[in-house]
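Just so you know, this note's numbering puts the end of the sequence shown at 588, numbered straight through with nothing missing.
The block underneath contains the structure these notes are about, expressed in structure tokens.
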Amino acid sequence: MTEILPPTPLQEGMFFHSRFDHDGVDVYLVQVALDLTGPLEPARLRAAAEALLARHANLRCGFRQRRDGDVVQVVADDVTLPWTETEPAEGDWDRLLAADRAVRFDPAKPPLLRFLLARIGPRRHRLLLTHHHILLDGWSMPLLVRELLALYDGTPLPPVRPYRDFLTWLGRRDTVAAVAAWRAALSDVDGPTLLAPPDAAHGRVLPEQTRAELPAGTGARLAARARALGVPVNTAVQAAWAIVLGRLTGRDDVLFGQTVAGRPADLPGAETMIGLFINTVPVRVRVGVAEPLGGLLRRLCEEWAALLDHQHLGLAEIRRGGELFDTLVVFENQPLEPGAETPGELRLTGVTGRDATNYPVQLVVVPGERMRFRLAYRPDLFGAAWARRLLDGLVRVLTAIADDPARLVGALDVFDVREEPPGEGVPTSLVRAFEDQVARTPSAVAVVSGGSELSYAALDTAANRLAHRLIEAGAGPDQVVGIALPRTADLVVALLAVLKSGAAYLPLDPGYPAERLAFLVADAAPVAILATPDTRAALPADAPVLLPADRAYPDGPVGRDPHPAQPAYVIYTSGSTGRPKG
């Protein structure tokens, strides 16, 4: 009789992703290449792989959608293992990998894994194991490889703890309590934390990767600091990632996804079971600028611990409409490493792998004495220099946690604005781009307002004069200048002048209620506000207002070229669900 099993929440999500993106690249296709050294009998290895399928029923599953919309996994009694043998020419391996990756799995047709054995030299073979992520998580891969090699060598294996036992355990969880816990944890979230454009998730592009690791000694200091604070090292990574995301997005209430292991401590033998146990859940971090790093870690650990019993709930049920985040953090706790013990004379001497997710940015953390990081990012959305700078910022924050947990979050220099992106030339800015255009076409019309026009040269001169005045008033990098001007050519001059001074501009609509304008001025603390006599009346009496000048200022360049990493403007949310945030 055919066995029908329910899917896990993540399996159901992967199934729908495969259905939605059936024509493009499947980001959930995983390739793992194993370098095997020693005498190898291909027929015997193939028999061992077939024995794996016979041993684990969930490796023979296909996924289908019933007429009522429910997704199920159907266990086939018998399947034919896809097995290919080849002897590629030197340098042809990458082509083989690309060709294999282009072949999608049909979720309804098991098995959702295949093998390719390549002879690459005397006593040297490379075994490519390709599977859909819906079958296996990262923890399962070392278990699977050890079983494969044991079956090849004829070593007896213990009885299988079937995957359906985990599905039974999952079905007994208290969903009502879990929903209530997540609703309470996320009830006042005022928006998602996104690095990419909102519609970017619909694209399917294989990621590029960049890597980093903590400097020598920093990992040990970080571990010691975490012990002293009474928190896991993982909490330090969560906090550091949240701080980096907060600086990138301008949010003080940050959300990102985290993959949790999902192997329950109260299910005996769960750590030796093969299948997909992981789940993706949100991590929420409120980043207070006046909070010490150590205090942030303790608070985050307490908030995370309160949700530990509810991490089985599916992301669709947690978020109930709308995206919460577009970055994912994965802690790789059992990587498959070369040199692992294998029976007999056949040795595992190398491991390479490639996987991906539907998230535009994924951070993989590999614990150890030298904690390592792998950042996967969509190259159609982000550049290599951006990714490198992001990882550098993460390392900088973790180093600060290790060295000075009393330091305030707001005092951290997450990104070094003096750094130029390596290998990408000198970054440009709006000011530099504008001045280049002035040099090319000084007489061309730049601004039309009513019946008047400004050429590029005239606009540049007017903006330079105002920029000199703003600098005299204290404007510069990381400062804010308010703009309360009507929509005329003077508004364009003012915006450009603020950027030339190195400051960020803050739009102040004179039509706003007096209370809102007072809040914005008090919260942003501009060093100056550009206004007219008419708009001045709408601003707080003590606001640092600059009215039209009564004397001339120099019209030459101000000599400042703002770095792209410095703030350019401040925009406030509507405040319809609470206090406006800049």
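All C-beta atoms, glycine included, are put in the ideal place defined by N, C-alpha and C.
On a predicted model such as this, the values are computed, not experimentally measured, just so you know.
- 8 Å or more divides the Cβ of G197 from the Cβ of R129.
- I10 is classed as exposed because its beta carbon has fewer than 16 other beta carbons within 10 Å across all chains shown.
- Taking all protein chains in view, the Cβ of T90 is surrounded by fewer than 16 other Cβ atoms within 10 Å, so the residue is classified as exposed.
- Counted as a single uninterrupted DSSP element, the beta strand (DSSP E) harbouring D41 occupies residues 35-43.
- Beta bridge pairing from DSSP links Y365 with no other residue.
- Three or more beta-carbon pairs separated by less than 8 Å are not found between the region 396-405 and the region 261-276, which leaves the two stretches without contact.
- A residue is called buried once 16 or more other Cβ atoms fall within 10 Å of its Cβ, and I284 is buried on that count.
- In this chain, H316 is not harboured by any alpha helix (DSSP H), its DSSP state being neither H nor E.
- For the options M377, P168, V444, the alpha carbon positioned closest to that of R227 is the one of M377.
- Short of 8 Å from the beta carbon of M20, and not among the five residues preceding or following it, lie these beta carbons of its own chain, in chain order: Y34, H138, H139, I140.
- For S455, the beta-bridge partners assigned by DSSP are S458.
- Scanning D106, G177, W99, A509 for the CA closest to the CA of P13 turns up G177.
- With respect to V486, A530 sits close: the two C-beta atoms are nearer than 8 Å.
- In the DSSP assignment, Q71 falls within the unbroken beta strand (DSSP E) covering 67-71.
- Rounded to the nearest whole angstrom, the C-alpha separation of P554 and P221 is 54 Å.
- In this model, F69 and P513 are separated by some 53 Å (Cα to Cα).
- Scanning the region 45-102 for uninterrupted alpha helix (DSSP H) segments of 4 residues or longer gives 48-61, listed from N- to C-terminal end.
- A Cβ-Cβ distance of about 6 Å is found for the pair V551 and R542, placing them in contact under the 8 Å criterion.
- Between T358 and V260, the gap from beta carbon to beta carbon reaches 8 Å or more.
- Looking at the DSSP output, Q215 sits in a beta bridge with A382.
- The continuous stretches of alpha helix (DSSP H) do not include P288, which lies in the beta strand (DSSP E) extending over residues 285-292.
- For secondary structure counted as the beta strand (DSSP E) over 3 or more consecutive residues, the region 504-586 holds these complete runs in sequence order: 510-513, 534-537.
- Nearest Cα to G565 within the set P483, A229, D106, P48: P483.
- Using a Cβ distance threshold of 8 Å, L119 and L135 count as a contacting pair.
- Contact between the region 53-60 and the region 320-333 is absent: fewer than 3 CB-CB pairs across the two stretches fall below 8 Å.
- Sequence-distant partners of D419 (beyond 5 residues in either direction) whose C-beta falls short of 8 Å from its own C-beta, in its chain, are R402.
- For V415, the secondary structure class from DSSP, reduced to helix, strand or coil, is helix.
- Around the CB of K115, fewer than 16 other CB atoms lie within 10 Å, so the residue is classed as exposed.
- For D272, the three-state secondary structure derived from DSSP is coil.
- By a beta-carbon distance limit of 8 Å, A55 contacts L87. Their separation comes to about 6 Å.
- In the three-state scheme derived from DSSP, where H, G and I count as helix and E and B as strand, T8 is classed as coil.
- When C-alpha distances from E219 are compared across A509, D442, L381, the shortest belongs to L381.
- L150 sits away from L163, with the two beta carbons spaced by 8 Å or more.
- Bridge pairing for G127: R130 [DSSP].
- Here P298 carries a strand assignment [DSSP, helix/strand/coil].
- If the five residues before and after R231 are omitted, its C-beta is found closer than 7 Å to the C-beta atoms of I407, A408, P411, all from its own chain and listed in chain order.
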